[in-house]
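Beneath this line is the structure, given in structure tokens, with notes to follow.
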């Protein structure tokens, strides 16, 4: 009860006193009008065209994918615990496209992602594998439950830029993705679909030209799955990556992928 009352009073103070709001906006580098809209939640009005940008110049600009972000696998052979997982597998994914990997359970879909990402080192398999730097969207949301959404997005950037700029980039990304109202919610309070969107947004924020997605919609219902894929397609349109996703759902693969690779 004390925590709840304190939270309500803090919010009232934050958005009721212009001087305090101005000081906070100066500290964060965020315009006061944006802070007011953030406090209003998802019902807030969109920014006007004359409203100044959220942040000033940042020393860590958002990076674009590499010009060539294609994936190539040639004659890949891999065994695990005396079981042959791949025997002479070859496949390609063109730069900037969406490719689906399908197949029955145990055919090596996730293993292929682990090889492409380097989690399984080259000395453990034979053949040629060419894949640029990758970012992951996992089946289960890999978010810190008791940490805010904006911090979950900013934490991976702390080693590359200042904490202030990392938070600025995180809020900018949330705003561009239409998720600004989730910024200060704890990750554990989000719905399953919202968690996967935040995880996807974090992947697109990284400077990796390739995104690997491992059955990210398995735990989502039909409506949440459609909503998640609409989000992914919008992100892909605004900031194209080479997206390789694993799914056991052939309809999902054929609907969203430009190319489908079926593992034996």
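Residue numbers (the working numbering): 119 to 382.
We put the CB at the ideal spot given by N, CA and C, even for glycine.
DSSP-derived helix/strand/coil call for residue i
i	result
residue 277	coil
residue 60	In this structure the chain extends from 119 to 382, so residue 60 is not present and cannot be described.
residue 257	coil
residue 251	coil
residue 380	strand
residue 296	coil
residue 320	helix
residue 288	helix
residue 356	helix
residue 334	coil
residue 371	helix
Beta bridge counterpart(s) of residue i as assigned by DSSP
i	result
residue 266	304
residue 361	216, 329
residue 189	211
residue 244	195
Neighbourhood of residue i by C-beta distance below 6 Å, restricted to the same chain and skipping five residues each side
i	result
residue 263	305, 306
residue 324	253
residue 362	211, 217, 330
residue 199	none
residue 358	214
residue 234	249
Sequence-distant residues of the same chain with beta carbon closer than 7 Å to residue i, five excluded per side
i	result
residue 345	311
residue 350	318
residue 226	203, 204, 381
residue 378	218, 220, 371, 372
residue 336	257
Sequence-distant residues of its chain with Cβ nearer than 8 Å to residue i (five each side left out)
i	result
residue 292	267, 268, 271, 298, 300, 301, 319
residue 353	295, 318, 319, 322
Neighbour flag for residue i against chain C, beta carbons, 9 Å
i	result
residue 376	In the displayed structure, chain C is absent; only one protein chain is listed.
Q | Uninterrupted alpha helix (DSSP H) stretches inside the region 191-237 (no shorter than 4 residues) | A | The region 191-237 contains these whole alpha helix (DSSP H) runs: 227-235.
Q. Any chance the region 357-376 sits against the region 215-222, with 3 or more Cβ pairs inside 8 Å?
A. Flag = yes, the region 357-376 and the region 215-222 touch.
Q) Three or more C-beta pairs closer than 8 Å, one from the region 236-253 and one from the region 189-208: is that the case here? A) Three or more beta-carbon pairs drawn from the region 236-253 and the region 189-208 are found closer than 8 Å, and the two stretches are therefore classed as touching.
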